[in-house]
Amino acid sequence: MHLNFSQQMKMSQQMKLAPRMIQSMEILQMSVMALQEKIDQELEENVVLELTDPKQKDVHESESEVSSSGAEIEQREITVDNDHNNEADFERLLEMSDDWPEDNITSGGKPSANRIDEYSDRQHDLMGNLQANPQSLHDYLLEQFHYFEVDSEVRDFGEFLIQNLDENGRLQGTLPEIMQVYGKSIDHGTADQVLGLIQKLDPPGVGARDLQECLLLQVTDDLPLRDIVITLISDHLDNISHNRLPLIERTTGYSLETIKAGLEQIRTFEPFPGRCFQSHVSQNVTPDVRVQQDDDDKWTVQLLNEYTPELKISRKYLRMLADNPDAKTKEYIRKKIESAKWLIDSIEQRHTTLRKVSQAIVDHQTDFLENGPEAIVPLKMQQIADDVGVHVTTISRAVDGKWMETPRGLYPLRRFFGGGTTTSEGDEVAWQKIRLKLQEVIDSEDKSNPLSDDALVKEMATHGYTLARRTITKYRKAMNIPSSRQRKEY
113 MHLNFSQQMK MSQQMKLAPR MIQSMEILQM SVMALQEKID QELEENVVLE
163 LTDPKQKDVH ESESEVSSSG AEIEQREITV DNDHNNEADF ERLLEMSDDW
213 PEDNITSGGK PSANRIDEYS DRQHDLMGNL QANPQSLHDY LLEQFHYFEV
263 DSEVRDFGEF LIQNLDENGR LQGTLPEIMQ VYGKSIDHGT ADQVLGLIQK
313 LDPPGVGARD LQECLLLQVT DDLPLRDIVI TLISDHLDNI SHNRLPLIER
363 TTGYSLETIK AGLEQIRTFE PFPGRCFQSH VSQNVTPDVR VQQDDDDKWT
413 VQLLNEYTPE LKISRKYLRM LADNPDAKTK EYIRKKIESA KWLIDSIEQR
463 HTTLRKVSQA IVDHQTDFLE NGPEAIVPLK MQQIADDVGV HVTTISRAVD
513 GKWMETPRGL YPLRRFFGGG TTTSEGDEVA WQKIRLKLQE VIDSEDKSNP
563 LSDDALVKEM ATHGYTLARR TITKYRKAMN IPSSRQRKEY
């Protein structure tokens, strides 16, 4: 296969643009916290990057001006495609391929608290909300297990068993299977004894092999209705899950009220005792944009740039670029400055795109802002792409992981997108509004005779929503609403 000259030139230009455009896409997709980490990493790795102090911006600017015309020439030389339409390149690259990696680039280094503190006390407070090095479930269990006075055989197998618990505290595999992969000889009786020790640890229910055992491990000697609870867990979990209380009543001889009282005790148990030990660091949501009404009652978007330090290229290294005679040093500085400029341009492009996209979303969803979630309208990303004049993939990246602060609370930008249907009056309505109405109908139903999906279809029709039964079933399941039989209260 032979390429003509124009094809070769086009491929060459695309290859030259790709690294910069890929960085722009990655920066655009990052959340505000991920961007902070990226900036901090770059500050650690790129000596020519500096933070701009917002309090002292433009102060003594004349002292930092480069007097050498040679430095100005060098700066112009390292400017990357200044006359090029960066946004157009960005869009062209997206159209060329939808297969670029979706994952964010995460910082390999630790955030520099000093740099952040120098920039903003508010940023320091935000980082202070992060939980530092939370203890894992495995560490917590090992800490307790080591208090047992046991021989080395029991201790070693106990540690191995703990490491074979999943994140919910459940044993991964049967005991014989775990014994087989243990690698050391241990008899079944000893293995059973060790598992029994682990099942005595906190939180109650850890070390169980299934849900039934997990619940039984949480039954204490002084539990009210203890014998009834044990019977319900041991013999009737399937009936409980299907709300077959009359069948349990006939089988056990217990009254319906007694069974319901036993179920109330079971509901206090934790089916996943390890889930309170999360491996990830929890953090408060940090909004990227804020929407508020101006003096003319128009809803406008403000980009919350106070969370993103402003960067600049060091004048010191620009002077070195002009004055240093060593070719290798000049090339090193030139590449660092080029990389810094790419980063600064990518961040600025992110700000511009995010501001435009957010404002376009707000323009479509003013009813939501003024009247609440029930007033949200159907909105597709293609509509916003057309409004802003970018590729739809840009919209997807721009809203990914971003949050908007509104007078009605914090919302992810993706929350404002979704399809809809047409009411009996011919008005478009968002699926979210339909879900809210469905929840309202189910909440107000007669719990002793809950509405079936067919009955829900008829009830929703009285409110102007003509929906198929399968649609009702689909959204009921998506909303984790049980079937009518399971919702029935006796």
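When the letters of the sequence shown are read in order and numbered with my numbering, they come out as residues 113 to 602. We put the beta carbon where it would ideally sit given N, CA and C, even for glycine.
In the DSSP assignment, the beta strand (DSSP E) including residue i goes from what residue to what residue?
i: Arg520; result: Unbroken run through Arg520: none, as it is neither H nor E.
i: Leu640; result: Residue 640 lies beyond the range of the chain shown here (113 to 602); nothing can be said about it.
i: Leu415; result: 411-415
i: Gln330; result: Element bounds for Gln330: n/a, residue is neither H nor E.
i: Arg356; result: Counting along the chain, Arg356 falls outside any beta strand (DSSP E), and DSSP gives it neither H nor E.
i: Val99; result: This structure cannot settle anything about residue 99, because the visible part of the chain is limited to 113 through 602.
Name the residue from the options whose alpha carbon lies nearest to the alpha carbon of residue i.
i: Leu140; options: Ser426, Thr465, Ala303; result: Thr465
i: Asn158; options: Lys447, Thr302, Ser143; result: Lys447
i: Trp515; options: Leu287, Tyr259, Ser143, Ser136; result: Ser143
i: Thr420; options: Thr164, Met137, Gln135; result: Thr164
i: Leu327; options: Pro336, Asp334, Leu344; result: Leu344
i: Leu309; options: Phe260, Ser297, Val331; result: Phe260
i: Ile488; options: Asp512, Ile473, Ile378; result: Ile473
i: Ala573; options: Thr286, Thr518, Leu550; result: Leu550
i: Thr398; options: Ser564, Pro524, Phe528, Ala542; result: Pro524
i: Asp479; options: Leu455, Leu415, Pro519; result: Pro519
i: Thr302; options: Arg356, Glu265, Leu155; result: Glu265
i: Thr585; options: Arg547, Ala434, Ala510; result: Arg547
i: Val511; options: Met493, Leu522, Gly521; result: Met493
i: Leu375; options: Ser346, Pro383, Ile352, Pro358; result: Ile352
i: Ile425; options: Ile449, Asp409, Asp438; result: Ile449
i: Met137; options: Thr364, Glu460, Asn355; result: Glu460
i: Tyr366; options: Asp339, Pro131, Asp350, Glu382; result: Asp339
i: Glu162; options: Tyr577, Glu482, Lys453; result: Lys453
i: Glu517; options: Leu287, Phe529, Met432, Asp400; result: Asp400
i: Lys589; options: Asp565, Tyr577, Val331; result: Asp565
i: Phe529; options: Gln477, Val502, Lys410, Thr506; result: Gln477
i: Pro490; options: Lys545, Met432, Leu313; result: Lys545
What are the boundary residues of the alpha helix (DSSP H) that includes residue i?
i: Arg547; result: 543-555
i: Glu376; result: 368-378
i: Gln256; result: 249-257
i: Glu422; result: First-last for Glu422: undefined, no H or E at that position.
i: Asp322; result: That residue, Asp322, is in no alpha helix (DSSP H); it is neither H nor E in DSSP.
i: Ala567; result: 565-574
i: Tyr587; result: 581-590
i: Met145; result: 144-157
i: Glu601; result: Unbroken run through Glu601: none, as it is neither H nor E.
i: Phe528; result: Careful: Phe528 lies outside any alpha helix (DSSP H) and carries neither H nor E.
i: Glu265; result: 264-275
i: Val81; result: The structure shown does not extend to residue 81, since the chain spans only 113 to 602, so no value can be given for it.
Using a 10 Å radius around the Cβ and a threshold of 16 neighbouring Cβ atoms, would you call residue i buried or exposed?
i: Tyr429; result: buried
i: Val469; result: buried
i: Lys440; result: exposed
i: Gly270; result: buried
i: Ser596; result: buried
i: Arg582; result: exposed
i: Thr380; result: exposed
i: Glu207; result: The pLDDT assigned to Glu207 is 44, lower than 50, so where the model puts this residue is not dependable, and the model offers no usable value.
i: Leu542; result: The sequence as given places Ala at residue 542; Leu does not occur at that position. Label assigned to Ala542: buried.
i: Met133; result: buried
i: Ser451; result: buried
i: Pro131; result: exposed
i: Leu368; result: exposed
Between which residues of its own chain and residue i is the CB-CB distance below 7 Å, once the five residues before and five after are set aside?
i: His348; result: Ile360
i: Glu601; result: Lys559, Ser560
i: Gln275; result: His250
i: Glu325; result: none
i: Ala373; result: Leu337
i: Ile298; result: Glu265, Phe269, Met291
i: Gln377; result: Leu335, Pro336, Leu337, Val341
Leaving out the 5 sequence neighbours to the left and right, which residues in its chain are closer than 8 Å to residue i when beta-carbon positions are compared?
i: Val249; result: Here residue 249 is Leu; the residue named in the question, Val, does not match the sequence. Within the same chain, Leu249 has close Cβ partners Leu277, Glu279, Gly281, Val318, Gly386, Phe389.
i: Leu283; result: Leu273, Asn276, Leu277, Ile290, Leu307, Gly319, Ala320, Arg321
i: Val569; result: Leu579, Ala580, Arg581, Ile584
i: Thr412; result: Val403, Gln404, Gln405, Asp406, Gln471, Val474
i: Pro594; result: Asn355
i: Gln414; result: Val401, Arg402, Val403, Gln404
i: Ser508; result: Met493
i: Ile456; result: Leu423, Lys424, Ile425
Spatial neighbours of residue i within its chain, please: CB distance less than 6 Å, with the 5 preceding and 5 following residues excluded, ordered by chain position.
i: Arg462; result: Ile139, Leu140
i: Val553; result: Glu571
i: Gln311; result: Gly319, Leu329
i: Glu422; result: Thr164
Does the beta carbon of residue i come closer than 7 Å to any beta carbon on chain D?
i: Gln135; result: The question asks about chain D, but that chain is absent: this structure has only one protein chain.
Review point. In chain order, which continuous runs of the alpha helix (DSSP H) of length 4 or greater are located wholly inside the segment 457-517?
Key: 478-483, 493-500, 504-511
Exercise for review: Just list the beta strand (DSSP E) runs in the segment 281-315, keeping only unbroken ones of 3 residues or longer that don't cross its boundaries, in chain order.
Suggested key: none
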